[in-house]
DNA sequence: CTGTTAGCGCGTTCAA
DNA sequence: TTGAACGCGCTAACAG
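Have a look at this one:
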């Protein structure tokens, strides 16, 4: 099975040049005479030689890959992001390593492991909890934080969640809603906090309150949305509209309500966050705040590869614009305006 | 920025042993005396030394990672599979490289690129089109095919799609349906073919036909499901039930119908394939054929790492069981039976 | 423009 | 059990 593959030495021998010249002919063709380059190329053709990236990386003191640390790979939210990431990373000549931080009992240890072992030339971190000062101090490779919040030391690519939440709330208010609830993400999550903060401030700006009863604690999952629906149904004084911090929860919320015989958006309006693929195909189609996930991945990869090339550990953060996608899940109340 | 990190030589000097002993103390502790091992470990502690995996891999003639080639990373269908893959691969001490074969104009070239460049010790292939004899001949590392069909040379982990389709069709028949349509996957896809074949044979076994008009060509996407719905609506003679080759298409189909004012499952029953997360939260909740995706990933990873360890290029294929998940999207017609 | 030399950091012989 | 020496395959530095 272990079949010997051609090395740079074989090429050198066949082409009757030194290994250094072979190396140059392949890496920096400009530095080599046309004729010798041809001899080398012919030998390469003949033997099917390919450079051994491990040896090259050892010599160049790099790894040739970028590591994406995802809190939960099973979450389809990351599909688009990873797709964007993969495209840019491949185009820049890196491999894309992916690891799930939740697989491990202690995610922080896992991150340390990766850093210490120099398995990657750069890190894309989708888990803000890990982005602390200690990590910043220890890391010898650039790190970019995507989607999440962490220590401001880290450059990041993310959307303005406060603004997104405000967009959602203002839309509901424009449509005539005055009693508005909110389904949150998991406790301790920065997205949860910022979207809740945006909700609160936008409501306050309109002179409205967010009663404790109308804050439904979720965890971004479908099931937690369904659980929120059950709590909504249990209430005597219900909000006429609910802003969900994720489309998944909105979807669970809507489903549970419909299964219980409620009609939407007649009985309650719903607005989500993310604009996942399925949202437009639900009944009613979900009005939501769109977050361009593929673009987030692309930008994170681009910035990271730039940092690696520049041998810097920092760069500017970038904010990706969110926008309101108006569909059918928000009802216009008597006094409200039309969409837009 | 380029800060020098401790090497095995530093440890050797500090612990006053040879580098060979340090290497042994770390890789095969049993071969080293307790006392010297302690000295080494202390030096390791003191310096924060970590082995350089690139150097180790060069020396061991391996790469330390496994490559997953996915036809479309943006497709959330792969989320769960990758999650299972990542968990097992990490536990076995490998890194998980991921690449999208569709990013490239010519996927086959890309695969060749990866193989020739020995970037991985093994390959998980989710794209059956690439699994041809040529690939089998050229590859020096084990390859496992997941979810898809390809040349029988390759070991694979997949579900029985013919059986899954038959399960769906038989369920519809049990529920009293006699006119049954099918939404297919993309042309040329093996899943498309096998599920269509299963559909046909199960119908035939019940003495039923599959008229050309009732074969709706899709591509597994939400939008193609919606397009199928439009064609369904255009027909004078409509099937009372439709088996969709993917849940995504079923979801698009249902959504488009509902938006057009149709009622489900009263007017048409729908059964899907995959059991994606959202299926249970739709209205009506989607009856479907469940495909344990996480398990597929886990098994593929396990089998691949075993092949690598055994230095073999082949192993037995494995079939993962599918099952019918009975929800609300299939209506029982007059003559039909209850679920199960 | 090309060749020589010297490692990158590690694991693995072969002796002792 | 340990150490010396070598080489995995490649590229960077320095001459020429």
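Protein chains in written order, with my numbering: chain D, 1 to 340; chain F, 341 to 680. Think of the CB as a built atom: it goes at the ideal place given N, C-alpha and C, for glycine as much as any other residue.
| Check | Outcome |
| --- | --- |
| Start and end residues, beta strand (DSSP E) containing residue 27(D) | Run containing residue 27(D): none in the beta strand (DSSP E); it sits in the alpha helix (DSSP H), 19–27. |
| Close-in-space but distant-in-sequence residues of the same chain around residue 532(F) (CB under 7 Å, 5 per side omitted) | 524, 525, 526, 585 |
| Selection of the region 265–284 of chain D by Cβ proximity to chain F, strictly under 9 Å | 276, 277, 278, 280, 281, 282, 283, 284 |
| Residue 121(D) vs residue 69(D) beta-carbon contact at 8 Å | no |
| Three-state secondary structure assigned by DSSP to residue 278(D) | helix |
| Within 8 Å of chain F by C-beta, residues of the region 145–171 of chain D in sequence order | none |
| Burial state of residue 686(F) (16 or more Cβ within 10 Å) | Past the boundaries of the shown model lies residue 686(F); chain F is included only from 341 to 680, so the question cannot be answered. |
| For residue 265(D) and residue 174(D), the rounded distance between their alpha carbons | 16 Å |
| Distance between residue 315(D) and residue 151(D) (C-alpha atoms, nearest Å) | 14 Å |
| Whole-angstrom distance between residue 304(D) and residue 418(F), CA atom to CA atom | 25 Å |
| Under 7 Å from the C-beta of residue 251(D): neighbouring residues of chain F | 618, 621 |
| Neighbour flag for residue 100(D) against chain F, beta carbons, 8 Å | yes |
| Proximal residues to residue 317(D) (C-beta, below 6 Å), its chain only, five neighbours per side dropped | 155, 156 |
| Chain F contact residues for residue 355(D), given Cβ-Cβ distances below 9 Å | Because chain D here runs from 1 to 340, residue 355(D) falls outside it and cannot be looked at. |
| C-alpha gap between residue 282(D) and residue 508(F), whole angstroms | 23 Å |
| Given residue 432(F) as reference, the closest of 478(F), 662(F), 473(F), 404(F) once Cα atoms are compared | 404(F) |
| First and last residue of the uninterrupted alpha helix (DSSP H) at residue 177(D) | That residue, residue 177(D), is in no alpha helix (DSSP H); it is neither H nor E in DSSP. |
| Limits of the beta strand (DSSP E) - the one that residue 120(D) falls within | Element bounds for residue 120(D): n/a, residue is neither H nor E. |
| Beta carbon of residue 362(D) nearer than 8 Å to that of residue 14(D) | Since the displayed chain D opens at 1 and closes at 340, residue 362(D) lies outside it and no answer follows. |
| Spatial neighbours of residue 435(F) in its chain, beta-carbon cut-off 8 Å, leaving aside the 5 residues before and after | 404, 405, 406, 429 |
| Selection from 188(D), 268(D), 137(D), 205(D) that minimises the alpha carbon distance to residue 165(D) | 205(D) |
| Near-chain F residues of the region 68–83 of chain D (beta-carbon distance less than 8 Å), N- to C-terminal order | 72, 73, 74, 75, 76, 78, 79, 80, 82, 83 |
| Whole-Å CB distance - residue 681(F) paired with residue 451(F), under 8 Å assumed | This structure cannot settle anything about residue 681(F), because the visible part of chain F is limited to 341 through 680. |
| Coarse secondary structure for residue 111(D), derived from DSSP in three states | helix |
| Contact list for the region 210–239 of chain D against chain F, Cβ threshold 9 Å | 221, 222, 223, 225, 226 |
| Residue 18(D) burial status per 10 Å Cβ neighbour count (16 or more: buried) | exposed |
| Three or more C-beta pairs below 8 Å linking the region 560–568 of chain F and the region 243–258 of chain D | no |
| Amino acids of chain D, ordered along the chain, whose beta-carbon sits closer than 8 Å to that of residue 599(F) | 283, 285 |
| With 16 other Cβ atoms within 10 Å as the buried cut-off, status of residue 138(D) | exposed |
| 7 Å Cβ shell around residue 411(F) - same chain, five flanking residues per side excluded | 441, 442, 466, 467 |
| Contacting residues, own chain, Cβ-Cβ under 7 Å from residue 233(D) (five flanking each side not counted) | 260 |
| For residue 637(F), the nearest candidate out of 668(F), 597(F), 421(F) (CA to CA) | 421(F) |
| Closer than 7 Å at the beta carbon, the chain F residues around residue 347(D) | Lying outside 1 to 340, the shown extent of chain D, residue 347(D) is not represented and no answer is given. |
| Test: residue 330(D) CB closer than 8 Å to a CB of chain F | no |
| Separation of residue 108(D) from residue 118(D), as counted between CA atoms | 16 Å |
| Chain D contact for residue 347(F) (CB, 8 Å cutoff) | no |
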